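Q: Below you will find the structure I want to go over with you.
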Amino acid sequence: MKKRAITLAGGGPAAGLHLGALQRFAEAGVKFDIWALSCIGAWVGIVYNQCDPGKEPEQAIKFFHDNVFRDDRSYSKFPVNTVFGPDIGSNTRAVMQFLANPDSYKNIWLPDDMMTALKQSMEVFLDPKKWNEGDYNHWMLDQVLAVNPFSRFLTSLMYLSPVTGLSRIYYPDSSFLKAINFNRLREKDKPFLYHNAWNLNHQRMDQFSNHHKAGYKPMTAQTLCACSALPYIEGTVEIEGETYCEGALVDTVNFKNLLEHHRHELDEIWVSRIVDTRQVRAPTNIAEALGNLCMLFAGALGDDDVKLFKFHAKDEGFPVDKIIELHVATDITFEWTHSNLERGIRDGRKAAENALKRHKPKSS
């Protein structure tokens, strides 16, 4: 019997592409023995495999529709998904810690810099060549805001308080995380799943799995949140005294260990990359610009990862024609909306259907 692996890459709001592909694979009777997961791909793979047998596609889609993606009307004026919550407690403690620290008040008042700024301001006002938008905004930044004690204090409070992200997703007692049954993933009949996360203490990629195996740490809700802790967007996650952030920053598709640990037991490797640089469009607002920041690197890195993996696979003697890549849809957006989720599911189904026609695998 053929043994297959599937890689579900990172790509945030493009998660529908994974869900649609898995739905079509389930209909075709194509099953996977090993799941290599990263970021949103880890969420999809883990949620999918803990669902009731035979109901995985519809239950996984319902989970993301109801718990992660937002109604289009609501999203139109609140462009944030439903799980990137503010860490009110930690933020309050961070502010109080900042205010109570005497070092926070050092270098707030800089008389010499203020006098220099005044002199430079006069030079700007007296030089008609500098009466333009660019010079005005630079003057506002460097000769007004940068030397003003009030703006200096507020800016340091905003950026230098001990807060590591705009939001937090790991709340161990939350109903959102408790809705994922990790015990079911550890059942013997479940496929081998593993996801990555970047260890900031040791500057290495750690892997977490649902089954005990050398080289892997136990997979939990905490490790799942760590694997998607995108710097600045989400706060880092501490696990057993070590700090983690998103692994997709380094290995978007998480090919690591597929060849080293599973090369001789695999006949096929299916790749669902979901994000491509062609999906990135000129932003019309700051929300779209932020989406581009995340997804442009994911698209470029994922494309390079696939090419590099095929090179190593060939070098290791694994047939490159048995690495089946799903073609990436280019009309996907980076919005956490129900319509984008539905569009992704539709396009994911189409990508899987095309891959099935090209490869024609036997049901397993």
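Numbering follows our numbering, with no gaps: position 64 of the sequence shown is 111. Glycine included, each C-beta is placed from N, C-alpha and C at the ideal position. Predicted, not measured: the structure shown is a model, and the values here were computed from it.
Between the alpha carbons of F79 and L305, how many angstroms are there, rounded?
A: Those two C-alpha atoms are separated by around 13 Å.
Q: On the DSSP letters alone, give me the boundaries of the alpha helix (DSSP H) that H34 sits inside.
A: The chain is shown from 48 up to 411; residue 34 falls before or after that span and cannot be answered.
Q: Can you look up S208 in the DSSP assignment and give me helix, strand or coil?
A: The answer is coil: DSSP assigns S208 none of H, G, I, E or B.
Q: Could you give the residue range of the beta strand (DSSP E) that holds L55?
A: That run of the beta strand (DSSP E) goes 51-55.
Q: Please classify D236 as buried or exposed, where buried requires at least 16 other C-beta atoms within 10 Å of its C-beta.
A: Classification of D236: exposed, given that the 10 Å Cβ count is below 16.
Q: Using CA atoms only, rank isn't needed, just tell me which of I87, W317, L204 is closest to A107.
A: The residue with the shortest Cα to Cα distance from A107 is I87.
Q: Beta-carbon separation of E372 and R310 under 7 Å?
A: No, these two residues do not count as a Cβ contact at 7 Å.
Q: Exposed or buried, which one is R71 when buried takes at least 16 other CB atoms within 10 Å?
A: Result: buried.
Q: Nearest to A268 by alpha carbon, out of H308, F223, K102, H258?
A: Taking only the C-alpha atoms, the option nearest A268 is F223.
Q: By DSSP's criteria, E372 is part of a beta bridge. Which residues make up the other side?
A: V318, per the DSSP bridge assignment.
Q: With a threshold of 7 Å on Cβ separation, who are the neighbours of C45 within its own chain once the five nearest residues in sequence on each side are excluded?
A: Residue 45 cannot be examined here, being either before or after the span of the chain that is shown, 48 to 411.
Q: Between V171 and W186, is the Cβ-Cβ spacing less than 7 Å?
A: Going by C-beta atoms, V171 is nearer than 7 Å to W186.
Q: When burial is assigned at 16 or more other CB atoms within 10 Å of the CB, is S123 buried or exposed?
A: Exposed.
Q: Among W82, Q326, F111, E103, which has the Cα closest to the Cα of L343?
A: Cα-wise, what sits closest to L343 is Q326.
Q: Can you tell me whether P209 is buried or exposed? The criterion is at least 16 other CB atoms within 10 Å of its CB, across all chains shown.
A: Classification of P209: exposed, given that the 10 Å Cβ count is below 16.
Q: Alpha helix (DSSP H) containing Y95: first to last residue?
A: Y95 -> alpha helix (DSSP H) spans 87-96.
Q: Closest by CA to R215, which one among V127, M161, F356?
A: Cα-wise, what sits closest to R215 is V127.
Q: Nearest by alpha-carbon distance to S60: which of R405, S386, A398, E400 is it?
A: Inspection of the sequence shows that residue 60 is occupied by Pro rather than by Ser. Ranking R405, S386, A398, E400 by Cα distance to P60 puts S386 first.
Q: To the nearest angstrom, report how far apart V322 and P149 are at their CA atoms.
A: Cα-Cα distance, rounded: 46 Å.
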